[in-house]
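Residue numbers (my numbering), protein chains in the order written: chain A, 248 to 742; chain B, 3 to 343. All residues carry an ideal CB built from backbone N, CA and C; glycine is no exception.
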């Protein structure tokens with residue numbers, strides 16, 4: 248099944264050199280090669296049927312044909328050994344603390360701006376900067392309660408932060424469901440590894456939500472606010488509400504009266520204290536933001552600013568995951584924490600800076616250009632795969648609105664074996680992957696030991712987003728190695 | 003690491019008048035509405051499937067039947083759902099069966115009902131059990147599948163039986179896998195009101211046709227077969243046999259379906275059950291506006307319980323009309339009390 252597998256020039260997660268699996272992949276490799284194609288496919292079909300019957304689907308907006316799709320699931324798990332995870336965990340904790348201090352600073356005293364560590368015009372120019380939040384005290388001073396930070400590995404295997412998602416990161420339900428399905432389909436493999444459990448995520452999320460309940464509430468009523476069944480992430484909203492045992496509400500279920508938020512129930516109105524909102528800032532409150540929003544609740548911002556209801560994440564966190572502010576995160580870590588960043592950024596050119604812009608315009612053919620306000624893989628130029636016409640179009644866009652663009656060198660993401668179908672070019676092939684771990688911040692930062700490993704299923708593609716034909720796999724973070732446990736001791740550590 | 007200074011929030015008084023009610027955890031009005039309709043659509047899908055299945059079996063071996071009678075019996079299946087009846091040339095059996103089962107142009111088809119049941123279920127995942135959701139999904143994907151039409155053509159009976167079985171499975175799961183709180187009561191309410199409604203309409207249609215001019219020429223054995231068909235549509239043939247031991251006198255059949263005590267397919271049973279469910283809901287929700295619906299259902303319950311067998315003698319259709327009217331009035335009140343509209 249591994250016939251014709253190429254590892255040239257890239258960092259391969261499974262193989263240290265052609266045909267030689269790394270120590271922490273040995274058991275998986277052996278099981279896959281002994282399994283045979285037919286047995287593997289049977290398991291893949293089992294997994295697909297399971298996803299479909301459970302309605303674990305997402306919606307693709309540009310696709311007219313079917314609203315509901317299964318997120319393609321690749322059965323080969325990605326394994327992260329303990330010593331690598333230790334670094335990732337510490338780095339992510341450091342990062343979410345810094346991002347929170349930054350948000351608090353921006354909306355309160357703005358010291359980082361007066362000390363010229365981050366240019367003020369970059370903040371005020373951010374589309375996601377919310378002046379409505381200036382001077383507002385949010386519960387416990389926490390802004391980014393839930394963060395999904397995208398990590399990639401370069402050609403040497405170093406973990407780099409590609410971006411932070413500090414607004415309403417999605418995908419965590421797939422992490423939990425992928426694991427549940429792997430346990431059903433490959434139960435024997437778990438016996439050969441010490442895979443760390445991730446099932447306590449909903450509990451931790453609930454504790455985080457309870458932690459930021461308004462001070463006047465003893466037993467807070469918590470709700471997940473969803474845009475509705477037609478939203479692409481509806482499955483996740485419903486999943487999390489069920490897992491936490493809290494209400495799932497839409498904007499039309501809520502009303503604001505006397506600056507408190509209530510939901511309409513069969514027993515009349517009930518006060519809502521904490522809202523885990525999966526609705527963007529823009530749509531939260533038609534009185535405050537977009538007046539045409541049908542998804543929000545009129546008067547919600549007023550209740551929020553008075554501290555009568557808590558929103559998770561806070562309004563205005565878009566300033567910390569803006570792609571043009573991302574290059575300053577290492578500076579924030581140094582400024583607020585007086586520490587060196589544990590996880591490094593990808594080198595980034597900010598088109599709003601004259602020198603950077605000049606360099607970007609001259610090197611469009613070898614850079615990845617991203618719009619600072621888009622996510623999900625939309626609005627990107629992959630320089631090395633683009634045509635002259637596309638480059639010209641982007642050059643014009645950049646000159647017209649430099650604040651809206653950044654550029655990064657192409658990082659050759661690491662690859663991982665994925666099953667790509669039957670036939671001569673089928674079997675297992677290397678496909679590029681990234682990793683999105685989820686970090687919670689309530690009474691303390693909690694990094695889920697795992698995350699969403701996304702796969703670019705198209706050959707040679709570097710874009711892993713589900714909206715661009717990406718899939719996912721289960722991610723196994725291993726527990727600390729034991730001496731008699733040769734599998735969990737990585738080859739690198741033995742040398 | 004810099005520590006956060008905790009916020010000082012002085013406790014604010016909460017407006018007590020808006021937060022009164024029992025301690026039981028309330029559910030969103032929109033969700034109650036969705037639970038109610040999920041149950042109704044599933045029940046409806048089951049009735050349509052069983053009606054079509056019965057008619058196919060029945061009309062397969064009465065080939066020399068008056069074509070007009072045959073057609074009107076088929077049309078009665080669509081009429082119970084107030085669905086449009088397509089123009090059919092020749093033998094109406096398979097075209098009508100297909101129309102009521104799977105035609106995407108017919109919103110009242112089995113396919114349409116299962117789709118809407120599942121749409122409602124999708125919005126209330128946190129109120130129904132995982133087992134209920136998976137069973138709903140399984141039947142949904144089965145009727146949506148590319149080969150659904152082919153399977154139907156090959157054996158309509160097997161196809162339709164899978165619908166009635168799925169509905170039975172879901173009712174069992176509803177009874178056995180969720181709390182019997184107001185969620186379950188709303189589901190009961192939807193299921194029983196739909197069943198009462200369907201039974202009334204089916205009885206009325208059959209009465210109209212089988213005592214009308216088209217059926218005058220039928221000989222007795224064939225006539226009996228059609229009365230048995232009505233009982234089969236209502237899943238009642240075996241229970242009826244135990245009570246009436248082979249007597250297929252029309253008034254007796256009709257009064258059984260409307261007034262029989264202790265059998266879950268009769269209108270009397272459904273109205274009593276719906277009334278109980280609504281009483282339980284109002285006790286939990288302290289809703290004042292539901293009292294109108296409660297009064298209507300209570301009066302109807304008493305009417306059915308204390309009606310004599312010969313109450314039907316003079317005017318079967320009038321008797322059924324009255325029931326249908328009262329059920330409609332109660333559901334109208336329910337919508338106003340509990341749904342968002």
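Original post:
Mind checking if residue 30/B is an interface residue toward chain A, Cβ cutoff 7 Å exclusive?
Top reply: yes
Original post:
Which term fits residue 271/B, buried or exposed, when burial requires 16 or more other beta carbons within 10 angstroms of its beta carbon?
Top reply: It is buried - the Cβ of residue 271/B has at least 16 other Cβ atoms within 10 Å.
Original post:
Is the beta carbon of residue 558/A less than 7 Å from the beta carbon of residue 517/A?
Top reply: With a cutoff of 7 Å on beta-carbon distance, residue 558/A and residue 517/A are scored as not near each other.
**OP:** Output the boundary residues of the alpha helix (DSSP H) element that contains residue 144/B.
**Re:** 132–146
**OP:** Would you tell me roughly how many angstroms separate the C-alpha atoms of residue 632/A and residue 190/B, rounded to the nearest one?
**Re:** 59 Å
Original post:
Would the beta-carbon of residue 576/A fall within 7 Å of that of residue 336/A?
Top reply: No.
Original post:
At a Cβ threshold of 7 Å, is residue 592/A touching chain B?
Top reply: no
Original post:
What is the DSSP secondary structure of residue 261/A, reduced to helix, strand or coil?
Top reply: The three-state secondary structure of residue 261/A, taken from DSSP, is coil.
**OP:** Assign residue 32/B to buried or exposed, taking buried as 16 or more other Cβ atoms, counted over all protein chains shown, within 10 Å of its Cβ.
**Re:** buried
Original post:
Can you find a C-beta in chain B that's less than 7 Å from the C-beta of residue 560/A?
Top reply: no
Original post:
Using the beta-carbon of each residue, which ones in chain A are nearer than 8 Å to residue 143/B?
Top reply: 299 and 300
Original post:
In chain order, what residues of the same chain have a beta carbon less than 8 Å from the beta carbon of residue 136/B, not counting five sequence neighbours either side?
Top reply: none
Subject >> Spatial distance of residue 331/B from residue 112/B (CA atoms) >> reply: Taking the straight line joining both Cα atoms gives about 26 Å.
Original post:
What three-state label does DSSP hand residue 254/A in the structure shown?
Top reply: In the structure shown, residue 254/A sits in coil (DSSP, three-state: anything other than H, G, I, E or B).
Original post:
Would you call the region 422–435 of chain A and the region 717–730 of chain A touching, i.e. three or more CB-CB distances under 8 Å?
Top reply: yes
Original post:
Within the 7 Å Cβ cut-off, does residue 287/B reach chain A?
Top reply: yes
**OP:** Just the chain B side, please: which residues come within less than 9 Å of residue 365/A by C-beta, in chain order?
**Re:** Those do not exist, as residue 365/A stays about 17 Å from chain B at its closest Cβ, beyond 9 Å.
**OP:** Mark residue 177/B as exposed unless 16 or more other C-beta atoms lie within 10 angstroms of its C-beta, in which case mark it buried.
**Re:** exposed
Subject >> Per-residue DSSP class, three states only, for residue 473/A >> reply: coil
Subject >> Endpoints, beta strand (DSSP E) assigned at residue 655/A >> reply: If you look at residue 655/A, you'll find it in the beta strand (DSSP E) that goes 652–656.
Original post:
Counting contacts by CB-CB distance shorter than 7 Å, is residue 488/A in contact with chain B?
Top reply: Chain B contact via Cβ: present.
**OP:** Determine whether the Cβ of residue 139/B lies closer than 7 Å to any Cβ atom of chain A.
**Re:** yes
Subject >> residue 460/A beta carbon less than 7 Å from that of residue 504/A >> reply: no
Original post:
Using DSSP with H/G/I as helix, E/B as strand and the rest coil, what is residue 394/A?
Top reply: strand
**OP:** Can you tell me which of the three DSSP states residue 381/A falls into?
**Re:** Per DSSP, reduced to three states, the secondary structure at residue 381/A is coil, with no helix or strand assignment.
Subject >> residue 220/A, DSSP secondary structure in three states >> reply: The question about residue 220/A has no answer here: the residues shown for chain A are numbered 248 through 742.
Original post:
In chain order, what residues of the region 502–516 of chain A put their CB closer than 8 Å to some CB of chain B?
Top reply: 504, 505, 507, 509, 510, 511, 512, 513, 514, 515 and 516
**OP:** Would you mind reading off the limits of the alpha helix (DSSP H) that contains residue 78/B?
**Re:** Residue 78/B -> alpha helix (DSSP H) spans 69–82.
Original post:
Would you call the region 630–650 of chain A and the region 397–417 of chain A touching, i.e. three or more CB-CB distances under 8 Å?
Top reply: no
**OP:** Just mark residue 227/A as buried or exposed, buried being the case when its beta carbon has 16 or more other beta carbons within 10 Å.
**Re:** Chain A is shown from 248 up to 742; residue 227/A falls before or after that span and cannot be answered.
Original post:
Cα separation between residue 453/A and residue 394/A?
Top reply: 15 Å
Original post:
Taking a cut of 9 Å between CB atoms, which residues from the region 530–564 of chain A lie near chain B?
Top reply: 553, 554 and 555
**OP:** Would you check if there are 3 or more beta carbon pairs closer than 8 Å linking the region 373–391 of chain A to the region 438–454 of chain A?
**Re:** no
Subject >> alpha helix (DSSP H) segment containing residue 587/A, residue limits >> reply: Unbroken run through residue 587/A: none, as it is neither H nor E.
Original post:
Per DSSP, what kind of secondary structure is residue 665/A in: helix, strand or coil?
Top reply: strand
Original post:
Taking contact to mean at least 3 C-beta pairs separated by less than 8 Å, is the region 591–602 of chain A in contact with the region 651–663 of chain A?
Top reply: yes
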